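S.K.:
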Amino acid sequence: MSQRSIAGVPRGVLALLALGLAAQIGLKATAPPPRTAAEDLAPAPSIAALRLASFGDPVALGKTLMLYLQAFDYQSGSKVPYRDLDYSRLEAWLARILELDPRGQYPLLAASRLYAEVPVEAKQRSMLEFVYRQFLLDPDRRWPWLAHATAIAKHRLHDLPLALRYARAIQRYAVADNVPLWAKQMEIFILEDMNELETARLIIGGYLQSGTVKDPAELRFLDERLRQLEARTAGKTSAKELRQSVR
Amino acid sequence: MPIVASLARATLLEAVRNRLLWLAVVVVVIAFGLAQFLNQVAITESREIQTALLAAPLRVAAVFIVAVFVITSMVRELSDKVTELLLSLPGPRSVYFFGKFTGYAMLASILALLSALPLVPFANSQGLVLWTLSLICELLIVTAMSLFCVLSFAQVVPAFAAVAGFYLLSRSMAAMQIIAGAPLQDPGLTDRVVNALVELIALLLPALDGMTQTTWLLGSAPGVSALGSVAGQTAVYLVLICSAALFDLYRKDF
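Put into structure tokens, the structure is as follows:
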């Protein structure tokens, strides 16, 4: 359909259009910015309710809920610290989102890198345990977040037994080819830090003998590590013998 | 004025003969039945659950019915060349537009009143009055937007897609603004551009998210000032959209 020129439009209509546009922009520009009322994080709905609400597309709903959760710490225009959130509810939300979108990594990234880094130890520990439990459901895909949890347990919480538990889980359950050497060997390094040299030596030895390591560079590295540990173990033993003979 | 009144009456007659009001009654009855069923399921807050689960679907259903009726009716009129016949009447094009708009606006008001009827036993009266008036305002905006889109696109699917997009965007704009304004990291250039774009779009959309709130029906109703802002927004947006639709109508060469 052809169109007439703008000159064919009555001036009154043009004036009304300009007036309407100016009034709309003025009205919205002077309105206060949208704010959510500062409130507690609501309990997470049941997975059945969420599946119903997803209209057959749970992944899209999962992604949307993650953005909602991420934006939740911004309330009333000022940032509410993560540490003020109710962590049991937060965990429930993250778990529901993972149930809706099991391949999604965002909830575990948020759990390990945002919510587990608050300066409240109890909340850190609960979030690390959440990451650990979720890791066990899909180790080959979720190991990076447990690796980060291991680092937090070791360097922030200074809880080497906890770090060791996580590192052991990665070594034992994350068996996919794409899991890198450093992740699988975290257990050995933590044992070294705990001065459990003999255990670390036995693990590397068993690891080499199992035949699961195929890469020549990895074999060479482990072999070198084993020799270093053996030297340190021998040195430790002779020092111990020396101390006993002095007594 | 007689032409405006005649066109409005004809439009309303068309709605009646299309059994649109019967459809609205059926929707209301189904929603009422569903709310009664959920009332049996609920352990607590059954009145609140009934009210919320009646009000929200009725609001969306009313918007859907109005938008679909305006668009299909106008497209049929354009296809049957009735529009050309009506434009040949001794009056400017604005008379035709306002005649049609008045008819659709009357239908929208009737639909809003029908939607409010099943809420009478559950909601507080002041809140229900505010809710109903706000729904009329919301439906008037949707009516004007549907007219504008159908005059621009002249086809059902693009016009309805545009109206649906406009409605969903308007209702979720405030949430989008909050999310856009809360990045996890320091905002980069892209974040700033996206944020500015979201703010710009928000300026051009009506604040539908603040209209026809279910909470008005549940607790204590807000004051008349809430209705004032709703009415103000409706008036401003009707001026904008109606003038944009008139601009498009005057430029069309039939």
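Protein chains in written order, with the numbering used here: chain L, 1 to 247; chain A, 1 to 254. Even glycine gets a Cβ: it sits at the ideal position worked out from N, Cα and C. Just so you know, these numbers come straight off a predicted model, no measurement behind them.
Closest by CA to residue 62 (chain A), which one among A:80, A:76, A:104?
M.R.: Taking only the C-alpha atoms, the option nearest residue 62 (chain A) is A:104.
S.K.: If the criterion is Cβ atoms closer than 8 Å, does the pair residue 217 (chain A) and residue 51 (chain A) meet it?
M.R.: yes
S.K.: Look up residue 126 (chain A) in the DSSP assignment and say whether it is helix, strand or coil.
M.R.: Residue 126 (chain A) falls in the helix class under three-state DSSP.
S.K.: Going by alpha carbons, who is nearest to residue 38 (chain A) out of A:133, A:173, A:49?
M.R.: The shortest C-alpha separation from residue 38 (chain A) is found at A:49.
S.K.: Based on Cα-Cα distance, which residue from L:48, L:189, L:64, L:30 lies nearest to residue 164 (chain L)?
M.R.: When each option's Cα is compared against that of residue 164 (chain L), the closest is L:189.
S.K.: Closer than 6 Å by C-beta to residue 98 (chain A): which residues in its own chain qualify, once you throw out the five before and the five after it? Chain order, please.
M.R.: 4
S.K.: Check whether the Cβ atoms of residue 100 (chain L) and residue 41 (chain L) sit closer than 8 Å, and answer yes or no.
M.R.: Inclusion of residue 100 (chain L) and residue 41 (chain L) in the CB contact set at 8 Å is not warranted, their separation being larger than that value.
S.K.: Report the rounded CA-to-CA distance for residue 206 (chain L) versus residue 223 (chain L), giving the unit in angstroms.
M.R.: 12 Å
S.K.: Does the beta carbon of residue 4 (chain L) sit closer than 8 Å to a beta carbon anywhere in chain A?
M.R.: yes
S.K.: Buried or exposed: residue 105 (chain L), going by 16 or more other Cβ atoms within 10 Å of its Cβ?
M.R.: exposed
S.K.: For residue 10 (chain L), decide whether its Cβ has a neighbour in chain A, counting only Cβ atoms nearer than 8 Å.
M.R.: yes
S.K.: Taking C-beta to C-beta, are residue 8 (chain L) and residue 250 (chain A) nearer than 8 Å?
M.R.: yes
S.K.: Between which residues of its own chain and residue 118 (chain A) is the CB-CB distance below 7 Å, once the five residues before and five after are set aside?
M.R.: 28, 31, 32, 54
S.K.: Under a three-way DSSP split, which group does residue 3 (chain L) fall into?
M.R.: Strand, per DSSP.
S.K.: List the endpoints of the continuous alpha helix (DSSP H) containing residue 158 (chain A).
M.R.: 156-180
S.K.: Given 8 Å as the limit, is there contact between the stretch 233-243 of chain A and the stretch 52-69 of chain L, that is, 3 or more CB pairs closer than that?
M.R.: no
S.K.: Whose C-beta lies closer than 6 Å to the C-beta of residue 174 (chain A) among residues of the same chain, with five residues either side of it excluded?
M.R.: 209
S.K.: Residue 34 (chain L) versus chain A: which residues are under 7 Å apart at the beta carbon?
M.R.: 174, 177, 178
S.K.: For a test of the three-state rule: what should DSSP assign to residue 81 (chain A), helix, strand or coil?
M.R.: Taken through DSSP and simplified to helix, strand or coil, residue 81 (chain A) comes out as coil.
S.K.: Using a beta-carbon distance cut-off of less than 8 Å, what residues from the stretch 100-120 of chain L approach chain A?
M.R.: So the close ones are 114.
S.K.: Please state the DSSP three-state secondary structure of residue 78 (chain L).
M.R.: Note that residue 78 (chain L) scores a pLDDT of 44, beneath 50, so its modelled location is shaky and nothing firm can be said.
S.K.: Here's a check: name, in chain order, each residue in its chain whose Cβ is nearer than 7 Å to the Cβ of residue 171 (chain A), leaving out the five neighbours to either side.
M.R.: 208, 209
S.K.: State the Cα-Cα distance for the pair residue 211 (chain L) and residue 111 (chain L), rounded to the nearest angstrom.
M.R.: 35 Å
S.K.: Of all the residues that make up the stretch 13-28 of chain L, which are near chain A by a beta-carbon distance shorter than 8 Å?
M.R.: 13, 14, 16, 17, 19, 20, 21, 23, 24, 25, 27, 28
S.K.: Could you check which residue in A:24, A:70, A:23 has the C-alpha nearest to that of residue 143 (chain A)?
M.R.: A:70
S.K.: Taking CB distances under 8 Å as the criterion, tell me whether residue 246 (chain A) reaches chain L.
M.R.: yes
S.K.: Drop a sphere of 10 angstroms on the beta-carbon of residue 123 (chain L), count the other beta-carbons inside from all chains shown, and report buried for 16 or more, exposed for fewer.
M.R.: buried
S.K.: Please classify residue 252 (chain A): does DSSP put it in a helix, a strand, or coil?
M.R.: Collapsing the DSSP output to three states places residue 252 (chain A) in a strand.
S.K.: In whole angstroms, give me the CA-to-CA distance for residue 127 (chain A) and residue 52 (chain L).
M.R.: Looking at the two C-alpha atoms, the distance is approximately 30 Å.
S.K.: I want to know whether the stretch 147-160 of chain A touches the stretch 186-202 of chain A - three or more CB-CB distances under 8 Å.
M.R.: The stretch 147-160 of chain A, when compared against the stretch 186-202 of chain A, does not touch it at the 8 Å Cβ threshold.
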